[in-house]
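Chains as they are written, first to last, in my numbering: chain A, 11 to 304; chain B, 12 to 233. Cβ coordinates follow ideal geometry from the N, Cα and C atoms, glycine included. None of the values given here were measured: they were computed from a predicted structure.
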């Protein structure tokens, strides 16, 4: 099976509230790096929770449609069982850390799953190595920086080897360098272990170099979905959704309109500059400058 | 060889029993020993503060007893007993990690893991709670909060800090519960319990505790 997660016309309402998700339909292929974006309150966190079975199994409420994880419907399944396949790092990752030291935090989840110390200890060391926290096993949580705590939350999920890693606004409390380093690490993990990575992110510039597909959610509905070019193009056609397109791609679409030519996929500012240098002839650059300055 | 948490818990329980069995001069010696042990294990200001608070409570207790009874010896003995009992707990916490105490309570005393976990969780979230209270106090101060005036005004003003703090704590506890679900805590699956085996030193220490307790009982009741 090539699909890691499938949303089949999934709708959901928390108890005593209006629906927060309406007929969500999308597929996350195995080994992909999917970014979910959208305005605050659009339903992004609820989508993440639906993948881990928290919605509707933990909160209750009303739901329709299905969420399939590894081909199985999440409805009615125990969250602990689903976490063997989907690892979720919550947006409030600080509160997700429940133990007193780094090693205890990881071992806690492993022992809860019945692993013997002989298996759990190597798994703990491997997970810490993967997130760059080797040698910090004995540190107390209050001795870690915000970025290190974030990495520990990821390590505690990675330790039991899920196929899908879901991060809800993972970089919200990190500085730009921390955020870039986090996403670089996630992409390396994805490539090394064929991990499926799904992240919720507002600042798309951080994930552009790594994302293979995107889902834009607005008011609990899918506004755009698919490969980056396809999804951003769909958003660009609707003026009210253009703000969701990252700056680099806004420039790209504007340039394409001026030049009447496709400019390929821009992942980084350096790639954009190189592409422009290749594409634009000197005359075109001057013409563009003249048109821009009016 | 270090004693296990189990031995230290048993020792604390034994000292509690001794406080009622042993004569006052022995208790005074025991208290001195406990204080020395506390400061050698944790030579920090927090140890002195904890001891000072206990001393204050013991003083209050003695004062109250003297207020309602003429028996000076009983009043001071009561205070001494309280000091001996509570200082033994301080010694236990100063020399044992809370995780080890939790583990011993689950393994040896058959305390359900859910209850034992509350100890660890409380300790884990104390720094977060303090940080939250500072952030809330700062935020409310920016909005004009001032803890001044008469006691009633000050109590009412405190609500401006307490309310958001409680709401934040509730949200945190919700996330904690969710996180525990995600970590498979309290599930039906088999859960590994890392054992703390007793060593020779533990057996010798437990034997010593038994002998002293028996000796104390003989002295008291014979």
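Would residue i count as contacting chain B if we go by Cβ distances under 8 Å?
| i | result |
| --- | --- |
| residue 22/A | no |
| residue 191/A | no |
| residue 208/A | no |
| residue 109/A | yes |
| residue 25/A | no |
| residue 127/A | yes |
At a CB-CB cut-off below 8 Å, which residues of chain A make contact with residue i?
| i | result |
| --- | --- |
| residue 195/B | 90, 93, 119, 122 and 123 |
| residue 139/B | 104 and 105 |
| residue 135/B | 107, 108, 109, 110 and 151 |
Flag residue i as yes if its beta-carbon sits less than 8 Å from any beta-carbon of chain A, otherwise no.
| i | result |
| --- | --- |
| residue 130/B | no |
| residue 202/B | yes |
Mind listing the chain A neighbours of residue i? Cutoff is C-beta to C-beta under 7 Å, in chain order.
| i | result |
| --- | --- |
| residue 157/B | Going along chain A, no residue has its Cβ under 7 Å from residue 157/B, so there is no contact; the nearest lies around 30 Å. |
| residue 183/B | 105 |
Chain C beta carbons: is any one of them nearer than 8 Å to that of residue i?
| i | result |
| --- | --- |
| residue 76/B | Structure shown: chain C not included; protein chains present are A and B. |
So which residues of chain A does residue i contact, with C-beta pairs closer than 9 Å?
| i | result |
| --- | --- |
| residue 110/B | 109, 110, 111 and 114 |
Just to make sure I have the definition right: I need the residues of chain B whose C-beta is within less than 8 Å of the C-beta of residue i. Which are they?
| i | result |
| --- | --- |
| residue 85/A | By Cβ distance, chain B contributes nothing, its closest Cβ being about 16 Å from residue 85/A, past 8 Å. |
Who are the neighbours of residue i on chain B, taking C-beta pairs under 7 Å?
| i | result |
| --- | --- |
| residue 233/A | Ordered by position in chain B, no residue passes the 7 Å Cβ test against residue 233/A, which lies about 28 Å from the chain. |
Taking residue i as the query, report the chain B residues whose CB atoms sit under 9 Å from its CB, ordered along the chain.
| i | result |
| --- | --- |
| residue 100/A | 186, 189, 190 and 193 |
### Message
Count Cβ pairs between the stretch 187–199 of chain A and the stretch 110–122 of chain A that sit closer than 8 Å; are there 3 or more?
### Response
no
### Query
Unbroken alpha helix (DSSP H) runs of length 4 or more, entirely within the stretch 190–253 of chain A: which are they?
238–246
### Query
Per the contact definition of three or more C-beta pairs closer than 8 Å, is the stretch 216–228 of chain B in contact with the stretch 140–155 of chain A?
no
### Query
If you pair each beta-carbon of the stretch 167–177 of chain B with each one of the stretch 136–154 of chain B, do three or more pairs fall below 8 Å?
yes
### Message
Does the stretch 262–280 of chain A come into contact with the stretch 182–191 of chain B, if we say contact requires no fewer than three beta-carbon pairs (one atom in each stretch) closer than 8 Å?
### Response
no
### Every unbroken beta strand (DSSP E) within the stretch 80–132 of chain A, with a cutoff of 3 residues, ordered by chain
96–99
### Query
Looking at chain A, which residues of the stretch 167–192 of chain B have a Cβ within less than 7 Å of any of its Cβ atoms?
183, 186, 187, 189, 190, 191 and 192
### Message
Quick check on the DSSP output: what are the complete alpha helix (DSSP H) runs of length 4 or more inside the stretch 115–193 of chain B, in order along the chain?
### Response
124–153 and 162–193
### Query
Could you give the uninterrupted runs of the beta strand (DSSP E) lying entirely in the stretch 36–116 of chain B, keeping only those of 3 residues or more?
none
### Query
Using a beta-carbon distance cut-off of less than 8 Å, what residues from the stretch 35–69 of chain A approach chain B?
62, 64 and 68
### Message
Closer than 8 Å is the cut-off here; do at least three beta carbon pairs connect the stretch 99–107 of chain A with the stretch 159–173 of chain A?
### Response
yes
#### Entry: contact_flag[the stretch 102–115 of chain B, the stretch 19–29 of chain B] where n(CB pairs < 8 Å) is 3 or more
yes
### Task
Could you run through the stretch 203–224 of chain B and flag, in chain order, every residue whose CB is less than 7 Å away from some CB of chain A?
203 and 205
### Task
Would you be able to state if there are at least three C-beta pairs under 8 Å between the stretch 28–39 of chain A and the stretch 11–18 of chain A?
yes
#### Entry: Stretch-stretch touch, CB-based, cutoff 8 Å, three pairs: the stretch 23–31 of chain B with the stretch 86–99 of chain B
yes
### Query
With a cut-off of 8 Å, do at least 3 Cβ pairs link the stretch 214–230 of chain A to the stretch 254–267 of chain A?
yes
### Message
Taking contact to mean 3 or more Cβ pairs, one atom from each stretch, closer than 8 Å, check whether the stretch 178–188 of chain A and the stretch 87–103 of chain A are in contact.
### Response
yes
### Task
Kindly provide the ranges of any beta strand (DSSP E) runs that are 3 or more residues long and lie completely inside the stretch 26–83 of chain A, ordered along the chain.
31–39, 43–47 and 72–79
#### Entry: Meets three-Cβ-pair contact criterion under 8 Å: the stretch 57–76 of chain A and the stretch 85–96 of chain A
yes
### Query
Is it a yes or a no for the stretch 125–133 of chain B touching the stretch 61–81 of chain B, going by three-plus beta-carbon pairs under 8 Å?
no
### Query
Counting pairs of beta carbons, one from the stretch 101–108 of chain B and one from the stretch 45–53 of chain B, are three or more of them closer than 8 Å?
yes
#### Entry: Touch test, the stretch 44–58 of chain A against the stretch 125–137 of chain A, Cβ-Cβ under 8 Å, three pairs minimum
no
### Message
So within the stretch 152–188 of chain A, which uninterrupted alpha helix (DSSP H) runs reach at least 4 residues, ignoring any that extend past its ends?
### Response
156–168
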